[in-house]
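In the numbering used here, the protein residues as written are 84 to 628.
What follows is the structure, given as structure tokens:
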């Protein structure tokens, strides 16, 4: 039966089954370093991300049960799951479709484009299903609290949510395929990192809006409101609700939109997108390989960075780390798509707090803790660099580290961190200071960014205590990006501790020099002890092919 269905879709069932099985096996196969604490980071990272998905789902579902009726509850919880599914694809899992590692091998094999496409889509849907299950399990059982539901509500809810998430994932892939078609193949991967920033900006705003909406809902959500017809979560929520209550015209229309949206996205992918998928991937891979050989840095930029480098990077081992990371970040579009979205989050948070009326000049007496919360997201960007810089698509070349006559491996790490700070973090904080100067006096904006700049550097150095890999020496483990985002959402209340610290500093301006000196001292001590620990840890490792 399955063979006939796949044959009708134009897919070779045997090839599909074997390739999908191998893809999933390879996804969870990790490189090994003798002497590290974990042997399979891929499974660990992905399992941890699933656990972290449960927590915001419990929070939102709990608020929905308290604040709203059944339709409002399903709308809120399905919104959360669709937002996180889209966010996870944008940040991480888009590489399954747009940047498949095996494309250079398989595109030359006698595999039809549709078979290859649906193998990749099934691989993506595998992750979507697992993530969706983690997101939807808490609300599926909490929904039993409503008196109109029955014992089979969890089954119905999970089934409808699965279709909603598959439709959302298909829509994102169709959107990316549209970008592939309208942009020059060579330019697409150049702009993809910036597209990721925009998408992250939009989705992160959507999540924050959902949290605020959930807290403010009292009673029922108007089913006849016009905005329901423009909100896909309302469509799927109406399907769940209609099963347990009389189905008026509004429910029928919204449920019809859900069915049409799901059917259209899957049909478009099957009939249009899959036909030339293999050729499109081959072109992306080929142009990526050609353009990576071309440096995009102008002569003036080279001279500027050379002068800065000569001042701040004098050690030869540091110079190796500096050049490796700076050149790889400029060359690798994939790494940029993993890092650049992090820059959007602090700006989103500042904007949301401005809209809420909570962000004010921190030097003024009326400034509350809400002013300092979004500033701490500037520090959180360090977590992205901490976890991404050790990874690389060319990690197999890292054996050269272990045969080179390096006296102190920590110097390579310090060089890579200097590349990040000089080329990315410093310009970013300058940009943030310009944004803040619109809201407050220029010298206040500069002091705020200067303090957080040193806060970032000291925190970035401190995290070296927990680092186990040299720059660009580890294969990227799928699930890391999602784990960082989940931690950000979950640990947001803990940011209050840092917020109170900044509140004390800026409400007592005389303490700013003392605070800066304390941060510099903390960074220096961290570098001294973390560097020694890092060098010893690396020397205990043995690279295993």
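For glycine and all other residues, C-beta sits at the position ideal for the given N, C-alpha and C.
State the beta-bridge partners of residue i as determined by DSSP.
i: residue 474; result: 557
i: residue 321; result: According to DSSP, which records beta bridges pairwise, residue 321 is partnered with nothing at all.
Could you give the distance in angstroms between the alpha-carbon of residue i and the alpha-carbon of residue j?
i: residue 501; j: residue 613; result: 16 Å
i: residue 506; j: residue 409; result: 8 Å
i: residue 592; j: residue 446; result: 8 Å
i: residue 423; j: residue 459; result: 18 Å
i: residue 596; j: residue 416; result: 40 Å
i: residue 317; j: residue 532; result: 41 Å
i: residue 590; j: residue 206; result: 53 Å
i: residue 527; j: residue 545; result: 27 Å
i: residue 462; j: residue 538; result: 7 Å
i: residue 102; j: residue 108; result: 10 Å
i: residue 411; j: residue 476; result: 10 Å
i: residue 517; j: residue 525; result: 8 Å
i: residue 379; j: residue 144; result: Here residue 379 scores only 49 on pLDDT, less than 50, and its place in the model is too uncertain to base an answer on.
i: residue 425; j: residue 486; result: 34 Å
i: residue 247; j: residue 141; result: 19 Å
i: residue 483; j: residue 489; result: 11 Å
i: residue 457; j: residue 431; result: 8 Å
i: residue 167; j: residue 605; result: 36 Å
i: residue 327; j: residue 233; result: 8 Å
i: residue 91; j: residue 195; result: 14 Å
i: residue 543; j: residue 607; result: 12 Å
i: residue 230; j: residue 438; result: 37 Å
i: residue 427; j: residue 464; result: 10 Å
i: residue 159; j: residue 315; result: 11 Å
i: residue 519; j: residue 448; result: 18 Å
i: residue 225; j: residue 148; result: 7 Å
i: residue 346; j: residue 203; result: 19 Å
i: residue 50; j: residue 146; result: Given that the chain is displayed from residue 84 to residue 628, the structure contains no residue 50 and the question cannot be resolved.
i: residue 93; j: residue 253; result: 19 Å
i: residue 171; j: residue 164; result: 10 Å
i: residue 341; j: residue 173; result: 22 Å
i: residue 161; j: residue 511; result: 35 Å
So, with DSSP's three-state summary, where would you put residue i?
i: residue 415; result: coil
i: residue 489; result: coil
i: residue 596; result: helix
i: residue 314; result: coil
i: residue 398; result: coil
i: residue 219; result: helix
i: residue 591; result: coil
i: residue 548; result: helix
i: residue 86; result: helix
i: residue 607; result: helix
i: residue 108; result: helix
i: residue 521; result: coil
i: residue 235; result: coil
i: residue 494; result: helix
i: residue 441; result: coil
i: residue 333; result: helix
i: residue 207; result: helix
i: residue 138; result: helix
i: residue 622; result: helix
i: residue 448; result: coil
i: residue 228; result: helix
i: residue 94; result: coil
i: residue 256; result: helix
i: residue 171; result: helix
i: residue 194; result: coil
Out of the options, which has the shortest C-alpha to C-alpha gap to residue i?
i: residue 495; options: 346, 407, 526, 602; result: 407
i: residue 99; options: 606, 139, 214, 201; result: 201
i: residue 553; options: 473, 211, 228; result: 473
i: residue 152; options: 622, 475, 227, 516; result: 227
i: residue 556; options: 492, 543, 239; result: 492
i: residue 499; options: 242, 469, 204; result: 469
i: residue 237; options: 250, 203, 221; result: 221
i: residue 397; options: 497, 315, 321; result: 497
i: residue 548; options: 419, 617, 163; result: 617
i: residue 256; options: 217, 322, 212, 351; result: 351
i: residue 522; options: 436, 587, 265; result: 436
i: residue 621; options: 588, 600, 583, 551; result: 551
i: residue 169; options: 434, 258, 515, 321; result: 258
i: residue 624; options: 136, 586, 95, 481; result: 481
i: residue 479; options: 559, 513, 509; result: 559
Closer than 6 Å: is that where the CB of residue i sits relative to any heavy atom of the ligand MG?
i: residue 521; result: With respect to small molecules bound, the structure shown includes none, and the ligand MG cannot be examined in it.
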